[in-house]
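Some notes on the structure that comes next.
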Amino acid sequence: MIEVILHGRLGNWLFQYSVGRRLALTHGTELRLNLFDRFKVYEGGVSWVSRVLRRLPLRARMTVYPPLGALYGRRLGIANGRTYYEEPRYGYNAEVLALPDGACLRGYFQSERYFRDIAPVIREEIILPDCQDDSARAVEDRIRNANAVAVHVRRTDYVAARWDILSPAYYARAMDHVRQRVTGARFFIFSDDVMWCRHHFRETDCEVVDLPGADADPFVDLRLMALCRHHIIANSSYSWWGAWLSASPDKIVMAPSVWLPNLPDNPTLADDVLCPEWIRWPV
17 MIEVILHGRL GNWLFQYSVG RRLALTHGTE LRLNLFDRFK VYEGGVSWVS
67 RVLRRLPLRA RMTVYPPLGA LYGRRLGIAN GRTYYEEPRY GYNAEVLALP
117 DGACLRGYFQ SERYFRDIAP VIREEIILPD CQDDSARAVE DRIRNANAVA
167 VHVRRTDYVA ARWDILSPAY YARAMDHVRQ RVTGARFFIF SDDVMWCRHH
217 FRETDCEVVD LPGADADPFV DLRLMALCRH HIIANSSYSW WGAWLSASPD
267 KIVMAPSVWL PNLPDNPTLA DDVLCPEWIR WPV
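Counting from 1 along the sequence shown, just add 16 to a position and that's the residue number in our numbering.
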């Protein structure tokens, strides 16, 4: 058995699932997703997370119990014959793929390098639910009938936590680059700060997506982003998955060249996080 402790939000959970699935396939064993951490989170707790993840055809069982007791919070330890591993830093850590059967993992594991060799399997198991709302389906129709470019702007929780927010200039330059390469590009702006986006994206080829219920259903915006042909992503696991799950064969993906500028412990973090074919765009 491989066990992964889920924490963060949907984009984080998908990375955590993917690394766990890779290890489970390596050892020919079961994957368990431990929701224990979700007791401490405001957004609906364990039952909400379970309902969200059960909408995907994941190959994993969900459990809720304290992980490995006293070893919780330590980077690497052994208890009851099992290995507990806590990610030492953001990015790719090669030692993860050498963990034995029975390991329990906690971390972000935000790198395709963990599961690139089983990418087709992950794509088959992260099939996003169809949009149910009429307004969302209308946006979907407009995306399908355009040279659609998903633009993701992450602001509210980053502002509150004083994390690394991408500037309007990053988006403006990236959009100009796409306009030069994509005839008739139409930009669909997805954000947790719609009012800010309406102020900053006023061009006629831009549409700020504002759907009722999107805050309560994290799959709505993610599915619509994944349907777009090209992507300008934020330093966010959510838009990372929107771009990665896109089936467009010739997609252009533009991403910030520095993923977390205030994180000095891994200068190659962007190379760990971003896929090799994606364009690193100056922030």
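Every residue gets a Cβ at the ideal spot worked out from N, C-alpha and C, and that includes glycine.
Taking the Cα of tryptophan 256 as reference, the smallest distance to any Cα among Tyr81, Arg170, Thr199 is reached at Arg170. Distance from the CA of asparagine 50 to the CA of leucine 113, rounded to the nearest whole angstrom, comes to 19 Å. If you draw a 10 Å sphere on the C-beta of isoleucine 143, you find fewer than 16 other C-beta atoms in it, and that means exposed. Secondary structure of methionine 270 (DSSP, three-state): strand.
A straight line joining the alpha-carbon of serine 183 with that of alanine 190 spans about 11 Å. For glutamate 141, the enclosing alpha helix (DSSP H) covers residues 135-141.
The beta carbon of arginine 71 is closer than 6 Å to those of Pro145 in its chain, skipping five residues each way along the sequence. Excluding five sequence positions before and after proline 234, the CB atoms of its chain that fall closer than 6 Å to its own CB belong to Leu26, given in chain order.
Scanning its chain for C-beta atoms nearer than 8 Å, with the 5 sequence neighbours on each side dropped, one finds no residue around alanine 154. Inclusion of leucine 121 and glutamate 141 in the CB contact set at 9 Å is not warranted, their separation being larger than that value.
Exclusion of the five residues before and after arginine 160 leaves Leu243 as the residues of its chain whose Cβ lies within less than 8 Å of its Cβ.
Excluding the 5 residues flanking it on each side, arginine 75 has same chain C-beta neighbours closer than 7 Å at Arg37, Leu47, Glu141, in chain order.
A Cβ-Cβ contact shorter than 9 Å links cysteine 213 with valine 224.
Under the 10 Å beta carbon count, glycine 123 is surrounded by 16 or more other beta carbons and is classified as buried. Assigned with DSSP and collapsed to three states, cysteine 120 falls in strand. About 6 Å separates the beta carbon of aspartate 53 from that of isoleucine 21, a gap short enough to meet the 8 Å contact definition.
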